[in-house]
Structures are given as structure tokens and as C-alpha cells.
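If you use UniProt numbering, the sequence shown closes out at 403, no skipped numbers anywhere.
Where a beta carbon is used, it is the ideal one built from N, C-alpha and C, also for glycine.
So the structure is just underneath, and the comments pick up after that.
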Amino acid sequence: MLRVNIVGIGPGNPELLTNQARRAIEESNILIGDKRMLVAFGAGKHLFDTIKPSEIAEICQKADAEKDVVAVLVSGDVGFFSLAKTITGKLADCECRRYCGISSLVYFSQQLNIAWDDAKIVSMHGRNQNLIAAVAQNSKVFSLTGGEHSPNQLCLKLCDHGMADVKVYVGENLSYPEEKITYGTAAEISKLEFPSLSVMMILNEHANDFKYTVHGLNDDLFIRSKVPMTKQEVRAVSISKLMPKVTDNIYDIGAGTGSCSVELALRAQAGSVWAFERNPLALELLEKNKALFAVDNLNIVAGEASEQIVDMPAPDCVFIGGSGGNLCKMLDTIYTKNSDCRVVINAITIETLIEVVEYYKTRSEYELEIVNVFAARGKKLGEYNLMMGQNPVYIMTALKKGE
Numbered sequence: 001m002l003r004v005n006i007v008g009i010g011p012g013n014p015e016l017l018t019n020q021a022r023r024a025i026e027e028s029n030i031l032i033g034d035k036r037m038l039v040a041f042g043a044g045k046h047l048f049d050t051i052k053p054s055e056i057a058e059i060c061q062k063a064d065a066e067k068d069v070v071a072v073l074v075s076g077d078v079g080f081f082s083l084a085k086t087i088t089g090k091l092a093d094c095e096c097r098r099y100c101g102i103s104s105l106v107y108f109s110q111q112l113n114i115a116w117d118d119a120k121i122v123s124m125h126g127r128n129q130n131l132i133a134a135v136a137q138n139s140k141v142f143s144l145t146g147g148e149h150s151p152n153q154l155c156l157k158l159c160d161h162g163m164a165d166v167k168v169y170v171g172e173n174l175s176y177p178e179e180k181i182t183y184g185t186a187a188e189i190s191k192l193e194f195p196s197l198s199v200m201m202i203l204n205e206h207a208n209d210f211k212y213t214v215h216g217l218n219d220d221l222f223i224r225s226k227v228p229m230t231k232q233e234v235r236a237v238s239i240s241k242l243m244p245k246v247t248d249n250i251y252d253i254g255a256g257t258g259s260c261s262v263e264l265a266l267r268a269q270a271g272s273v274w275a276f277e278r279n280p281l282a283l284e285l286l287e288k289n290k291a292l293f294a295v296d297n298l299n300i301v302a303g304e305a306s307e308q309i310v311d312m313p314a315p316d317c318v319f320i321g322g323s324g325g326n327l328c329k330m331l332d333t334i335y336t337k338n339s340d341c342r343v344v345i346n347a348i349t350i351e352t353l354i355e356v357v358e359y360y361k362t363r364s365e366y367e368l369e370i371v372n373v374f375a376a377r378g379k380k381l382g383e384y385n386l387m388m389g390q391n392p393v394y395i396m397t398a399l400k401k402g403e
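Following this line, the structure appears as C-alpha cells:
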């Protein structure tokens, strides 16, 4: 079996390499990694300039297990937002050993002379986590950046959400001779340019504890108009049936004012929520409520949902509050993307209830649960309290059998 050493080389400076990692590189005759990494460690080795897991797997397949030892060099630490996890999954037929390195978080905190054990960690490198909520709720946030999420663009978002005065440190080319650390407010940093692959430490002296600790938020917290909204009591049951996880990719179809979208985004802070809506007035309310609750991981999609979801990332769970007459078509598309998707459908009409029941008769792999929720709220009338009934709502939950 081919031996593959997956080595975390730290920020990049060879002086920061652990002795154990250095020995793992020295005993390897084949080195794979980014060109900048190979320059420092590649003397006398067979070098392959790539960090693509599929190409790394192909190189390892061609290696001689009797003669060769491969070292794959990855930046930072092998356990901190590292390629090591993906690479290991591609090398099932190899003996993989990981060697830790100094992560960008640890090195950057050292350079700033501050502790990092109380920092909220966010990665915006190839991800769409909710940095805005993280900064609003935590006094110290460390963030990886990348792609469209550059430090200045992220600081522009902070400014848009009323956090222009938070203190920001940006680190670039860490540990190299051209290392640079820039300090300023979010407003000041937003006007500067940085390499895409930078790191940030954000300090917010006015951070507040998370205000919204339960689902089923009061209706009055949302900006409303004549657009229909899923009421608090129904929303609480619907979201509990959906069982969203913090990392989930979630669809809210027929999002309306965005009450469910917002609550789902607050739950899935390390995931993404896609709110589909075609009503122009509702789209305006969605934008306002997104800003009000600082849910930057909420993506608003205008148009017919049955058409828009085709090109969207596969969902982990889906809430359907309105289908526009295309329910069966949308469900087919959803299950094509992810057959294990959790689906909750709300309906107020018997016709929609029947449509859902008939659809799942053709999908025997799913278990359909139907709950009818009827809520009434008290209304003061002189010295008396009258209970005013809301529309009864059918909440239908479809889960794959065995889950």
C-alpha cells in the first residue's frame, strides 16, 4: 500500500515547519503541492505542481507502492479548513498519515499578540457563511477570505449593516518576507485593496448576545405589509418539522415577507438559505427583513421558483409555503438534486392537501406526515377576552423512509 504523507506546512515560511512534518517531507521522494510550497521543500524530489484532489489521486495511482513515498503539501494545519480531508477521501487505497502545521489563525493571533481561544471562526473562502451575524454577536471574529469575499468587500457589508466602526486587522502573505498587516475600521478597510486570500480579525466592542434563541419569533419583529406572512405559531411548528441543521443549504419557496427565510437563516448560520419569490412587493420586504436581522447567508431569488431552482445548489431541506401551481414539478426537481432532502409543505386549501397526498402516493420511498394546526389569539373587548381563530394550516412533512 502506498504511503502518503499529508503535511501541513503552516503559513509558508519553512522555519515554522514542525520537526515531525519536516521528517515526513524528507522521507518522501514525490512532492505534490502549490508551486510556492514546492520551491521551499522540493530539492532532490519529483515535483508535481497541483492542489486538485483528482490530479493528486491520479499521481498517487501511478506511483510505485514498493519504492515511492508521497508527500502532499497543504497550507496551514491539516485540520483547519484544509484540503487534507478531501484528499484523504480520494486516496482510499493508500496509507494516509497527517502531519499538523501552524494554522493561519494561530500565526495571525501571534503576530497581533492576542488570544484566539475566544474568537468566533468563520470561513468565507469558497463559502457563504453569515459573517455579519457573527460580528454582530461576537466581540472577536476570525475570518478566512477568498474569491468575491475579499476583505474590502466584507467590510463594505459590515458598513451596510451599521458596523462601520468595528476594528479590523487584515493579514496578507503571512510569514513571508512581504508579510503585511493592515489595521483600521471597517469603513477604512473597505476603501483599500487586498489579495483575495487574506485573513481578518474583527473586534467589535459593542457586540450583543444573540437575541433570537428560539424559532417562532414574534410577528411584530418583522417588517410587514399586505403580503401574506406565515404566522408565529405555524412558523414554529413548520420549522421544527423541517429540522434545519446549522450547515444546511435550504430553500424557502414562496417566501413572502421572509419570516421563515429569516428564521431559517438564523438557524443555518454556517449554511445558506435561498428565498424564492415572484411578487415585487414581497421581494422588497424580503430585502428589508434580511437587512433588519443581518442574515447575510440569505440569498433572495426573484422569479418563478420552478424555473429558478434548476440551477441552484442541491438543498438539504426545503420549505414550501407557496408553489404557484407548479408543486409536483418542483418536487421532482428537488428530489433529482437530492433524494434525501427533507421537505415541509404548508397548505390552507383542501386542493393543495390532496395534490400533495396524491404526489407522495407515487413516491413510496417517502413517509408523509400531515398535521393540522389551528391557532387562536386572544383579543381584548372591553372587560372580556375573545379568542380570534386563525386559518387552519396543513403542515405536511416528507422524509425518506428509514431516516
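- Message: So within the region 55 to 141, which uninterrupted beta strand (DSSP E) runs reach at least 3 residues, ignoring any that extend past its ends?
- Response: 69 to 74, 95 to 99, 120 to 123
- Answer yes if the region 2 to 9 comes into contact with the region 59 to 69, meaning at least three C-beta pairs across the two stretches below 8 Å, and no otherwise. yes
- Message: Contact defined as beta carbons within less than 8 Å: I believe L298 pairs with V262. What is the distance between those atoms, to the nearest angstrom?
- Response: As a working note, residue 298 is residue 298 in the sequence shown. As a working note, residue 262 is residue 262 in the sequence shown. 7 Å between Cβ atoms; contact.
- Query: Around the C-beta of T88, are 16 or more other C-beta atoms found within 10 angstroms, so that it is buried, or is it exposed?
  - Reply: Position 88 of the sequence shown, counting from 1, holds the residue named residue 88. The residue in question, T88, is buried, as its Cβ has 16 or more Cβ neighbours within 10 Å.
- How many Å lie between S306 and V343 at the Cα? Within the sequence shown, numbered from 1, the residue matching residue 306 stands at position 306. Within the sequence shown, numbered from 1, the residue matching residue 343 stands at position 343. Approximately 15 Å between the Cα atoms of the pair.
- Boundaries (first-last residue) of the beta strand (DSSP E) holding D252: The residue given as residue 252 occupies position 252 in the sequence shown. Element bounds for D252: 249 to 253.
- Message: On the DSSP letters alone, give me the boundaries of the alpha helix (DSSP H) that F222 sits inside.
- Response: Sequence index remark: in the sequence shown, residue 222 carries index 222 (1-based). That residue, F222, is in no alpha helix (DSSP H); it is neither H nor E in DSSP.
- Query: So, helix, strand or coil for K288, using DSSP?
  - Reply: Indexing the sequence shown from 1 puts residue 288 at position 288. Correct three-state label for K288: helix.
- Give the range of the alpha helix (DSSP H) segment to which C260 is assigned. Your numbering for residue 260 matches position 260 in the sequence shown. Element bounds for C260: 259 to 267.
- Message: Once the 5 residues before and after I59 are set aside, which same chain residues still bring their CB inside 7 Å of it?
- Response: Position 59 of the sequence shown, counted from the start, is the residue given in the question as residue 59. Excluding sequence neighbours, I59 sits near I32, F48.
- Chain-order list of residues whose beta-carbon lies under 7 Å from that of G258 (same chain, five-residue window excluded): Numbered from 1 along the sequence shown, position 258 holds the residue referred to as residue 258. Contacts found: A275, L285, L286, N289, K290.
- Item | V393 - partner residues in DSSP beta bridges | In the sequence shown, residue 393 corresponds to position 393, counting from 1. Partner(s): V373.
- Item | Alpha-carbon spacing of Y366 relative to V318, whole angstroms | As a first step, residue 366 is located in the sequence shown; it is residue number 366 there, counting from the start. As a first step, residue 318 is located in the sequence shown; it is residue number 318 there, counting from the start. C-alpha separation (whole angstroms): 14 Å.
- Task: On a CA-only basis, which of L283, R278, T86, L174 is nearest Q308? Give me that one, please.
- Result: Your numbering for residue 308 matches position 308 in the sequence shown. Of the candidates L283, R278, T86, L174, the one whose C-alpha sits nearest the C-alpha of Q308 is R278.
- Query: What residues are listed by DSSP as bridge partners for A10?
  - Reply: Mapped onto the sequence shown, residue 10 falls at position 10. Before going on, a small fix: residue 10 reads as Gly here, not Ala. Per DSSP, G76.
- Can you name the start and end residues of the alpha helix (DSSP H) that M200 belongs to? Counting from one through the sequence shown, the residue named residue 200 turns up at place 200. Here M200 belongs to no alpha helix (DSSP H); instead the beta strand (DSSP E) covers 199 to 203.
- Query: Buried or exposed: which applies to K35, given that a residue is buried once 16 or more other Cβ atoms fall within 10 Å of its Cβ?
  - Reply: Here residue 35 refers to the residue found at position 35 when the sequence shown is read from its first residue. When all chains shown are included, K35 counts as exposed.
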